[in-house]
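Have a look at the structure below, then the notes.
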Amino acid sequence: MDIGKRLLEGDTRACARLISMLENNDEKAIDTIKNLFHKTGKAYVIGITGSPGSGKSTLTDRLTKALRKQGKKVGILAIDPTSPFSGGAILGDRIRMSDLALDKDVFIRSMGTRGFLGGISKATWGAVKVLDLYGCDYIFIETVGVGQSEVDIVKMADTVLMVMVPNMGDDIQAIKAGIMEIADVFAINKSDLDGADKTQTEIEMNLDLNEKKDYRPPVQQVSALKNDGIDILLEKLELHKKYLIDTGELHKIRRRNLRVEIVQLVEEELLKLIMDRAKEEDLLDELAEKVARREENPYSAKEKIILLINKE
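Below, the structure written as structure tokens:
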């Protein structure tokens, strides 16, 4: 049976296989997405970000279990740092979610951040579509820490959940640096620790300064470990979803995200085309040697490589 048809029928192996094929830039997988794209757009995508050690994986686990109680099918994409040598995800599939792996209506996958130009890879964009076609009602994209992939997650998600913990310097820096501006909902995890109220006050004060016109991101204290506040947090996420649908913002967000994806695909294809031609003619090594000898400069070298795009 055709792999696309198997995917639409909820075949887990077909889902896993297609994502692997996308990671390897397999044309058959890309053709499958092309042919079935008109059936996508049903899954709701939630990006989960925050500092390392803030308990994102445990919180994702709890939110998934809460959604499963409602009979929802859930996909989880854990974005791990990519090894610069092997190109594979370093951390692998999350052991902390191993009990969820036994649930046939939960699909968990680790994805490397091997973007051709840095940031989230195009395979992750594709994986979201695969999980959508697989029948997931919700897709969680969980990132590793606060950095480029956290900013990039906004370009993929409908709703962004920022996870913070009390007394963590990185979180305060995030508030100061403006990274928190990407968040639609805040979760203060490990709320049983001293300083949770203080952290909430700091976030609320910052929101007072940067308040969005029609929507103010809610701040919810939770303890993922103790399973406290999870249902309320899920309600806050659902309220943001309702707000986006009611105001028509969801369509605007998805159009913006797709525009970013199209640009990224064009950039990657053009860069690959130019670099392949440069390698064919040994131009890249030749120019690098000249630049190293100071016979050439990086800017002129760049111009010579770009000229290859017009070469028949």
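With our numbering, the residue at position 107 of the sequence shown is 110, and numbering never jumps.
The beta carbon of each residue, even a glycine, is placed where N, CA and C say it ideally should be.
Using only CA atoms, which one of the options lies nearest to residue i?
i, options, result
"D1", "L25, N27, N38", "The question about residue 1 has no answer, for the chain in this structure spans 4 to 315."
"A130", "L287, V225, T202, L80", "L80"
"P55", "M171, I312, E26, Q73", "M171"
"T204", "K193, V222, D195", "V222"
"M24", "Q73, M208, L276, M114", "M114"
"K193", "E207, D231, M159, M183", "D231"
"V48", "Q224, G138, L311", "G138"
"F110", "G7, K8, A17", "A17"
"D106", "E306, K201, T15", "T15"
"H254", "E270, A160, Q73, L286", "A160"
"R280", "L311, G251, V266", "L311"
"T127", "G251, K293, Q267, N300", "Q267"
"E252", "L236, E283, Y218", "Y218"
"Q224", "L247, D195, R112, L242", "D195"
What are the start and end residues of the beta strand (DSSP E) that includes residue i?
i, result
"V188", "188-191"
"L196", "It is not in any beta strand (DSSP E) - L196 carries neither H nor E in the DSSP assignment."
"Y218", "Premise fails: Y218 is in no beta strand (DSSP E) and is neither H nor E."
"T43", "Premise fails: T43 is in no beta strand (DSSP E) and is neither H nor E."
"L164", "162-167"
Check residue i in the structure and name its three-state DSSP category.
i, result
"L228", "coil"
"N313", "helix"
"Q73", "coil"
"G50", "strand"
"P87", "Caution applies to P87, whose pLDDT of 42 falls short of 50 and renders its modelled position unreliable; the model cannot decide the point."
"G95", "Only weak support exists for where G95 lies, its pLDDT of 44 falling under 50; the value from the coordinates is given anyway. G95: coil per DSSP, three-state reduction."
"A81", "strand"
"E298", "coil"
"M4", "coil"
"V222", "strand"
"G121", "Since pLDDT at G121 reaches only 49, below the 50 mark, its modelled position is unreliable, and the value read off the structure follows with that caveat. In this structure, G121 counts as coil in the three-state DSSP scheme."
Along the chain, where does the alpha helix (DSSP H) that runs through residue i open and close?
i, result
"L25", "15-26"
"G115", "Unbroken run through G115 is the beta strand (DSSP E), 109-115; no alpha helix (DSSP H)."
"T146", "Where T146 is concerned, there is no enclosing alpha helix (DSSP H), given that its DSSP letter is neither H nor E."
"N260", "252-283"
Looking at residue j and residue i, is the spacing between their C-beta atoms short of 9 Å?
i, j, result
"I144", "I185", "no"
"T1", "L240", "Because residue 1 is not part of the residues shown, which for the chain are 4 to 315, the question remains open."
"K42", "E264", "no"
"G50", "T146", "yes"
"I142", "V188", "no"
"L11", "L21", "no"
"R259", "K158", "yes"
"A199", "G58", "no"
"D135", "L103", "no"
"D108", "K75", "yes"
"A69", "D234", "yes"
"L290", "M278", "no"
"P169", "I191", "yes"
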